[in-house]
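Numbering (our numbering), first residue to last: 800 to 1036.
Following this line, the structure appears as structure tokens:
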């Protein structure tokens, strides 16, 4: 994508998110929208956001795909992954080729190969002097991000952070933790709903995810609320 086109799309994204933050919003839905936009904005084949939970584990909060290899790669919580390295250092971490990834993070190399990626890029979500998560960008082609792509990716990561900690009060530290935990709890409910849909409809997890998102859109409701109502049998699919 040309730099000028990327700048315009990034501006459109920031404008859309700013409008969302003015009103009540669901953090999980907003983060899902951000990773979906990465496909076009950053020429990503897949993207995802992981957060650090209370036990120091990485948890996927949003992703463009539900393939097991992608989820496993994002959630690999030892130091042997680009995302754990970003959490530890607060820096942008890039694997520019499958050989580079295999040499630096051998435990995630198999998942990278299974997913068909040739490069990975991990961008920090920073808040109050600490790194609370990472934005993962995956491409089927080798190579690093250029300067404009790094700036755009960091802008997306910063917007994701703002969405997680946003609140109209001065009790920001307490509320930030509450927002973070709410987002993590919402993701658990969504995962449970996907499993239930997959079982009841006899489909795989990717198809169950698509059905859940379609149901949420049809109801003009958040994904997490829709998932909760499905689990409680208040609505059916």
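Each residue gets a CB set at the ideal place from its N, CA and C atoms; glycine is no exception. For clarity, every value in this text was computed on a predicted model and none was experimentally measured.
Take the Cβ of residue i as the centre, count every other Cβ of all protein chains shown within 10 Å, and call the residue buried at 16 or more, exposed below.
i: residue 920; result: buried
i: residue 840; result: buried
i: residue 1005; result: exposed
i: residue 960; result: buried
i: residue 905; result: exposed
i: residue 922; result: buried
i: residue 945; result: exposed
i: residue 869; result: buried
i: residue 927; result: exposed
i: residue 888; result: exposed
i: residue 818; result: exposed
i: residue 935; result: buried
i: residue 805; result: buried
i: residue 867; result: exposed
i: residue 1025; result: buried
i: residue 836; result: buried
i: residue 890; result: exposed
Whole angstroms is fine: what's the gap from residue i's alpha carbon to residue j's?
i: residue 812; j: residue 842; result: 15 angstroms
i: residue 930; j: residue 986; result: 20 angstroms
i: residue 851; j: residue 915; result: 26 angstroms
i: residue 940; j: residue 911; result: 12 angstroms
i: residue 902; j: residue 1034; result: 49 angstroms
i: residue 1010; j: residue 1016; result: 10 angstroms
i: residue 968; j: residue 872; result: Note that residue 968 scores 38 on pLDDT, short of 50, meaning its location in the model is unreliable; the coordinates nonetheless yield the value given after this. The straight-line gap from Cα to Cα measures roughly 36 angstroms.
i: residue 845; j: residue 938; result: 7 angstroms
i: residue 827; j: residue 1028; result: 16 angstroms
i: residue 858; j: residue 882; result: 11 angstroms
i: residue 953; j: residue 847; result: 14 angstroms
i: residue 885; j: residue 1020; result: 33 angstroms
i: residue 993; j: residue 1001; result: 11 angstroms
i: residue 900; j: residue 1018; result: 42 angstroms
i: residue 808; j: residue 958; result: 14 angstroms
i: residue 832; j: residue 865; result: 15 angstroms
i: residue 991; j: residue 950; result: 35 angstroms
i: residue 854; j: residue 838; result: 31 angstroms
i: residue 1003; j: residue 814; result: 35 angstroms
i: residue 909; j: residue 999; result: 31 angstroms
i: residue 879; j: residue 856; result: 13 angstroms
i: residue 1032; j: residue 1012; result: 17 angstroms
i: residue 860; j: residue 964; result: 15 angstroms
According to DSSP, what are the bridge partners of residue i?
i: residue 930; result: 925
i: residue 851; result: 857
i: residue 918; result: 938
i: residue 894; result: 919
i: residue 945; result: Answer by DSSP bridge pairing: none, since residue 945 is not bridged.
i: residue 846; result: 936
i: residue 862; result: 847
Report yes if the C-beta distance between residue i and residue j is below 8 angstroms; otherwise report no.
i: residue 816; j: residue 933; result: no
i: residue 825; j: residue 947; result: no
i: residue 942; j: residue 895; result: yes
i: residue 1007; j: residue 989; result: no
i: residue 830; j: residue 962; result: yes
i: residue 862; j: residue 892; result: no
i: residue 917; j: residue 897; result: yes
i: residue 956; j: residue 924; result: yes
i: residue 1014; j: residue 1036; result: yes
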